[in-house]
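Under my numbering, the residue at position 33 of the sequence shown is numbered 34, and the numbers go up by one with no gaps.
To start, the structure itself, in structure tokens.
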Amino acid sequence: MASKKQKTITVTYQDGHVDTLAFSPAARSKGEEHAQLAGWGGPGDSPQRYLFYTAYAAARMSGKTDQPYEGWLATTVDIDMDEPGDPAENPTTAY
Numbered sequence: 002m003a004s005k006k007q008k009t010i011t012v013t014y015q016d017g018h019v020d021t022l023a024f025s026p027a028a029r030s031k032g033e034e035h036a037q038l039a040g041w042g043g044p045g046d047s048p049q050r051y052l053f054y055t056a057y058a059a060a061r062m063s064g065k066t067d068q069p070y071e072g073w074l075a076t077t078v079d080i081d082m083d084e085p086g087d088p089a090e091n092p093t094t095a096y
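Structural data, given as structure tokens:
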């Protein structure tokens, strides 16, 4: 059986450091739960907020932050979902 590459989330912070976080089922569940409790609807209703909170959950679970969500979010400058096989992963396939 071929191994499946996991999706990741790349977070760039104001101080210039970058974290690559697992887009794990646990992080996705936390993101979805928070979206529902906050009244955002499902991931498709507020995709940016869902992604940002999921990144935060992944950062918390991996020990990268212990800040509250709003404080953590204020330290970020970019949050991106990385799909396995994206052309950015292999620039030779972008043509």
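Glycine residues also receive a C-beta, built at the ideal position from the N, C-alpha and C atoms.
Secondary structure of residue i, DSSP reduced to three states
| i | result |
| --- | --- |
| Ala39 | coil |
| Thr55 | helix |
| Ala95 | In this predicted model, Ala95 has a pLDDT of only 46, less than 50, meaning its place in the structure is not dependable enough to derive any value. |
Spatial neighbours of residue i in its chain, beta-carbon cut-off 6 angstroms, leaving aside the 5 residues before and after
| i | result |
| --- | --- |
| Tyr70 | Tyr57 |
| Tyr54 | Gly32, His35 |
Short Cβ contact (8 angstroms threshold) for residue i with residue j
| i | j | result |
| --- | --- | --- |
| Ala75 | Leu22 | no |
Alpha-carbon spacing of residue i relative to residue j, whole angstroms
| i | j | result |
| --- | --- | --- |
| Gly168 | Gln49 | Not covered by the structure: residue 168. The range shown for the chain is 2 to 96. |
| Leu38 | His18 | 31 angstroms |
| Asp79 | Tyr14 | 7 angstroms |
| Asp83 | Thr11 | 7 angstroms |
| Trp41 | Gly72 | 19 angstroms |
| Thr66 | Thr77 | 12 angstroms |
| Met62 | Ala28 | 8 angstroms |
| Pro26 | Gly43 | 15 angstroms |
Neighbourhood of residue i by C-beta, 7 angstroms cutoff - its chain only, sequence neighbours within 5 removed
| i | result |
| --- | --- |
| Thr9 | Thr21, Leu22, Ala23, Phe24, Asp83 |
Residues near residue i by beta carbon distance below 8 angstroms, same chain, minus five either side
| i | result |
| --- | --- |
| Asp16 | Thr76 |
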